[in-house]
Structure formats: structure tokens, C-alpha cells
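Everything below concerns the one structure shown next.
Encoded structure:
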């Protein structure tokens with residue numbers, strides 16, 4: 246599972262939400278993504294790695310908008326449940342006084358994207374495990 250979520254070069258094969266991704270996962274380093282939100286053309290997104298525990302989790306945040314207007318954080322966590330079972334969790338936080346506007350404009354598309362990515366992670370991990 247860890248290899249799926251950190252195998253950025255293969256995102257385009259299974260990830261309907263983030264088709265391209267590049268990062269060293271070093272704290273402070275950029276994570277550059279091409280994100281597909283429903284109803285819009287793909288957009289380039291640059292965020293920054295805020296934590297990384299190899300084999301367990303990594304998270305990233307957007308560059309905060311001044312005056313506390315908007316900030317976000319996305320965390321990917323992998324937990325071993327046994328020799329053949331793993332739990333993958335994805336958590337997204339959005340904050341700031343622009344949050345209601347962003348949720349109104351992009352909330353459904355973001356939820357669809359996150360769900361699509363989570364389902365894609367599961368399918369890809371199961372496919373690789375079966376091979």
C-alpha cells in the first residue's frame with residue numbers, strides 16, 4: 246500500500262483525481278500535482294510536505310493565503326493490520342475565513358476526487374498484491 250501512494254510516477258495509471266505527482270517527500274519540499282476536479286480542466290497544484298514518516302504517513306499543505314484567509318492540510322496514513330491487510334486513510338482539512346466559499350465552489354468536486362483516489366488506491370494495491 247505504501248508503494249502505491251508514494252509511487253508517484255504511476256499515479257496516471259490508477260488515480261482519477263491526481264494524474265501526475267512529483268515530490269521527494271522531504272519536509273519543506275514541494276509536492277507538484279496535476280489535479281482533476283469535475284467540470285474543469287486539469288490544474289497544476291503546488292503544496293509543501295509538512296510531515297513524512299517512511300512507511301507510515303506523509304502530509305502536505307498549501308501555502309497559506311495571507312491574513313488567515315485559507316489554509317489546508319492533506320494526510321495519507323498507512324497502518325499494517327496483519328500480514329495481508331493494510332488500512333489506508335486520507336484526511337483533508339480546510340480552514341480560514343474563505344473556507345465556506347471554497348467548500349461551496351469546490352466541495353463536491355473535492356469529495357468526489359478524494360473518493361476516487363481512495364478507491365483507486367485500494368484497486369491498485371489489491372491488483373499488485375494478487376500479481
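Residue numbers (the numbering used here): 246 to 376.
The C-beta atom is built at its ideal place from N, Cα and C for all residues, glycine as well.
C-beta atoms of residue i and residue j nearer than 8 Å
| i | j | result |
| --- | --- | --- |
| residue 272 | residue 250 | no |
| residue 324 | residue 304 | no |
Cβ-based neighbour list, residue i, same chain, cut-off 6 Å, excluding 5 preceding and 5 following
| i | result |
| --- | --- |
| residue 315 | 341 and 343 |
| residue 332 | 324 and 326 |
Element boundaries [beta strand (DSSP E), containing residue i]
| i | result |
| --- | --- |
| residue 364 | Note, residue 364: premise wrong, no beta strand (DSSP E); alpha helix (DSSP H) at 344-375. |
| residue 327 | 316-327 |
| residue 281 | Neither: residue 281 is in no beta strand (DSSP E) and is coded neither H nor E. |
Cut-off 8 Å between Cβ atoms - residues of its own chain near residue i, not counting five sequence neighbours on either side
| i | result |
| --- | --- |
| residue 351 | 282 |
Proximal residues to residue i (C-beta, below 7 Å), its chain only, five neighbours per side dropped
| i | result |
| --- | --- |
| residue 369 | 249 and 259 |
As assigned by DSSP and simplified to three states, the class of residue i
| i | result |
| --- | --- |
| residue 263 | strand |
| residue 340 | strand |
| residue 292 | strand |
Residue span of the alpha helix (DSSP H) that contains residue i, given as start and end
| i | result |
| --- | --- |
| residue 251 | 247-251 |
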